[in-house]
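Under UniProt numbering, the first residue of the sequence shown is numbered 1, with each subsequent residue one higher. Positions of the beta carbon are idealized from the N, C-alpha and C atoms, including for glycine.
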Amino acid sequence: MALNTTNPTTTASWKKLKNHFENLQNASMVTMFKEDASRANQFHIQWNDFLVDYSKNIINQETMDLLVELANETQLKDAITKYFDGDSINQTENRAVLHTALRSPASANIKFEGENVIPEIFEVKDKIKSFTNEVVNGYRKGYTGKAFTDVVNIGIGGSDLGPAMVVEALQYYKNHLDVHFVSNVDGDHVNEIIKKLNPETTLFVIVSKTFTTQETLTNSETIRKWFLQSASKEDVAKHFVAVSTNIKNVTEFGINESNVFPMWDWVGGRFSLWSAVGLSISLAVGFDNFDKLLKGANQMDDHFKNESFDNNIPVVLALLSIWYNNFFGAESEAIIPYTQYLQKLAPYLQQGIMESNGKSVGRDGKPVNYQTGTIIWGEPGTNSQHAFFQLIHQGTKLIPTDFIGFVKPLNGDKDHHDKLMSNFFAQTEALLNGKTAAQVQAEFDKQGVSPEKAAFLLPFKVFSGNKPTNTLLIQQLTPENLGSLIALYEHKIFVQGIIWNIFSYDQWGVELGKQLATSILNEINAEKINNHDSSTTFLLSHFLKNK
Ligand code: F6P
1 MALNTTNPTT
11 TASWKKLKNH
21 FENLQNASMV
31 TMFKEDASRA
41 NQFHIQWNDF
51 LVDYSKNIIN
61 QETMDLLVEL
71 ANETQLKDAI
81 TKYFDGDSIN
91 QTENRAVLHT
101 ALRSPASANI
111 KFEGENVIPE
121 IFEVKDKIKS
131 FTNEVVNGYR
141 KGYTGKAFTD
151 VVNIGIGGSD
161 LGPAMVVEAL
171 QYYKNHLDVH
181 FVSNVDGDHV
191 NEIIKKLNPE
201 TTLFVIVSKT
211 FTTQETLTNS
221 ETIRKWFLQS
231 ASKEDVAKHF
241 VAVSTNIKNV
251 TEFGINESNV
261 FPMWDWVGGR
271 FSLWSAVGLS
281 ISLAVGFDNF
291 DKLLKGANQM
301 DDHFKNESFD
311 NNIPVVLALL
321 SIWYNNFFGA
331 ESEAIIPYTQ
341 YLQKLAPYLQ
351 QGIMESNGKS
361 VGRDGKPVNY
371 QTGTIIWGEP
381 GTNSQHAFFQ
391 LIHQGTKLIP
401 TDFIGFVKPL
411 NGDKDHHDKL
421 MSNFFAQTEA
431 LLNGKTAAQV
441 QAEFDKQGVS
451 PEKAAFLLPF
461 KVFSGNKPTN
471 TLLIQQLTPE
481 NLGSLIALYE
491 HKIFVQGIIW
501 NIFSYDQWGV
511 ELGKQLATSI
521 LNEINAEKIN
531 NHDSSTTFLL
541 SHFLKNK
């Protein structure tokens, strides 16, 4: 059954939210905290290892009630059922969206076109498990009989970002295998990686759902050519495995069918790390940790499916994001993890969020008359504090920010962790409270700053505060908690797409550039420029003349 096509701006709750916004837009969070000492108690969710404090937002109970009303009016509950039940909610590609099935327990019964998909999923999981164990334990060997030391994941977009982010995030749990990622069609990327490799001891995992992606096929060809400089054609089967839905193209490339890890059309690229696309994760941290990642995601799925909207982490975070995006006019959101391990979280979520919700046509086929997808950016704290936090604190733009921190460090360094976390807490407090002119003046008085200097400097040292933040305080960066965190953002994407009345699971917007690149490549090869706008012609002729 199709998803509903309600334009959210036509709902009664949207109109109420508009009026409510008029009253609340200039509200001071500091005042709200002063008036209600139990605010943090009211606006937080505690679930498993997660404490989510969303009290530092420009909201009151009425805001949250109206936002939940909006979710109800846009039939979110019904959409969640369709999502988990495998309905074809990716209507423009006529596909189900079932990445949640990949992390369901063996006892689940999830039907796609009348067939339970769980046995097939577990068959592939078993294959991932035994392959991982053979490689990690050194039983599977390269063409000269040596065990593998290095793994190279060749893929791009969802076939790269998820595995690369998780392998980096779970570095603490890693085994001896060195895992590399080649994604960009830029030859310098692949050549720099090749320099680090010994063909005798390197395993290549080609990840491409379609097995037609230019970047991945080009990099795979380059690597195969390099490999064949020292090995024979028959050895390719020992060193190359693939993850794809396109078995025909994979075998044509020379990969043994037994070395193909299948995936399914109902797994979107940017939601695929839970499938065999996560093979390099399993190789890097072992199958048990990969499985724990899946279990954590499954727990978040249950929370999202069963919890009431007002106590549901993905729903609440999605609603808050809509509040700022559609009523305050905020354009972007920052995601700041206070752990270096999550340095690739923001780039990963950029694809997840922006490829999914960067849409301007509603599910009714009409252009939307409101804002959709938020711009996502971020870097770990404390580094980001010394880079772009100035703009969040004192710039002209409103940037709602998620702060993600962990109670316990992994390497147990108390001194570092306490310093890190004091920054974590200090930033959201500073963004909330700001610093008044009176406070700045009091500091000047204490420091004995001259009245002339104080009068000049004072306006620059004032912080307006009232900047919204969510704090996600998680017990520790374990595979389970990382799985839950990723699934949280996946469901946030879903909720926003449903309310914005857009299709979150297609990505037609990436096609045009691909088409043009193909015809421009033909022109470059033929050294003959066809019809273009004058700027493109001008640039192409400069390139051809000087290359
Ligand atoms: O950029 C478009 C896209 O289709 C992404 O959605 C996908 O993750 C990526 O390309 C890679 O696709 P494939 O896995 O088919 O090579």
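Residue i CB to nearest heavy atom of ligand 1 below 7 angstroms
i	result
I156	yes
E221	no
T100	no
W507	The question names Trp, but residue 507 in the sequence shown is Gln. It does: the Cβ of Q507 is within 7 angstroms (strictly closer) of some heavy atom of ligand 1.
V368	no
V205	no
R270	yes
E452	no
V190	no
V166	no
S208	yes
E93	no
S159	yes
V152	no
T518	no
E490	no
S218	At residue 218 the sequence reads Thr, which differs from the Ser that was named. For ligand 1, not one heavy atom lies less than 7 angstroms from the Cβ of T218.
T213	yes
V510	yes
Bounding residues of the beta strand (DSSP E) (the contiguous stretch that carries residue i)
i	result
A334	332-337
D402	401-406
P105	Looking at the DSSP string, P105 is not in any beta strand (DSSP E), and its letter there is neither H nor E.
D53	50-53
A242	240-244
T251	Segment 247-252 is the alpha helix (DSSP H) holding T251; no beta strand (DSSP E) there.
D506	Premise fails: D506 is in no beta strand (DSSP E) and is neither H nor E.
I154	150-154
P163	First-last for P163: 161-169, but that is the alpha helix (DSSP H), not the beta strand (DSSP E).
residue 579	In the structure as shown, the chain begins at 1 and stops at 547. Residue 579 is therefore absent and cannot be evaluated.
L540	That residue, L540, is in no beta strand (DSSP E); its alpha helix (DSSP H) goes 534-546.
Cβ shell of residue i (< 6 angstroms), same chain only, five flanking positions each side left out
i	result
H491	F304, P314
Q476	F406, K408
T222	V190
T436	none
R140	E134
Element boundaries [alpha helix (DSSP H), containing residue i]
i	result
P119	118-136
Q42	39-42
I223	214-228
I194	187-194
D288	287-306
I80	76-85
Proximity test, Cβ basis, 8 angstroms: residue i and chain D
i	result
A426	Reference to chain D is not applicable here, since this structure consists of a single protein chain.
Beta-carbon contacts of residue i that lie in its chain and below 7 angstroms, excluding the five residues immediately before and after
i	result
A346	I335, I376, W377, G378, E379
F424	Y338, G381, F403, G405
A2	Q91
Q340	P380
K111	G86
A487	A297, M300, D301
F84	T100, K305
G142	F148, E200, T201, K238, H239
S464	G434
Beta-carbon proximity list for residue i, same chain, < 8 angstroms, skipping 5 on both sides
i	result
G254	R224, K233, V236, A237, F240
I392	A334, I399, T401, L431, K467
N198	T149, D150
L76	F309, V315, V495, I498, I499
H532	L540
N19	none
N411	Y172
Contact test: residue i Cβ vs ligand 3 heavy atom, cutoff 7 angstroms
i	result
E355	Ligand 3 is absent from the structure shown, which contains only ligand 1.
**OP:** At 4 residues or longer, and completely inside the stretch 429-502: list those alpha helix (DSSP H) runs for me, N to C.
**Re:** 437-447, 451-461, 479-499
Subject >> 4-residue-minimum alpha helix (DSSP H) runs that sit fully inside the stretch 316-401, ordered along the chain >> reply: Here the runs fully enclosed are 345-349, 389-394.
Original post:
Just checking, does the stretch 323-335 make contact with the stretch 199-210 on the three C-beta pairs under 8 angstroms criterion?
Top reply: no
**OP:** Please confirm if the stretch 512-520 is in contact with the stretch 91-98, defined as three or more CB-CB distances below 8 angstroms between the two stretches.
**Re:** The stretch 512-520, when compared against the stretch 91-98, does not touch it at the 8 angstroms Cβ threshold.
Subject >> Cβ contact (3+ pairs, closer than 8 angstroms) linking the stretch 462-481 and the stretch 50-70 >> reply: yes
**OP:** Count the CB pairs spanning the stretch 171-187 and the stretch 293-309 that are closer than 8 angstroms, and state whether there are at least three.
**Re:** no
Original post:
Can at least three beta-carbon pairs, one atom from the stretch 268-286 and one from the stretch 154-168, be found at a separation below 8 angstroms?
Top reply: yes
Subject >> Cβ contact check for the stretch 179-195 and the stretch 348-368: 3 or more pairs under 8 angstroms >> reply: no
Subject >> Segment contact, 8 angstroms Cβ cut-off, at least three pairs: the stretch 119-131 with the stretch 276-294 >> reply: Under the three-pair Cβ rule at 8 angstroms, the stretch 119-131 counts as touching the stretch 276-294.
Original post:
Is the stretch 68-75 touching the stretch 5-17 in the sense that three or more CB pairs, one from each, lie closer than 8 angstroms?
Top reply: Inter-segment contact for the stretch 5-17 and the stretch 68-75 is present: three or more beta-carbon pairs are separated by less than 8 angstroms.
Original post:
If you pair each beta-carbon of the stretch 412-428 with each one of the stretch 440-458, do three or more pairs fall below 8 angstroms?
Top reply: no
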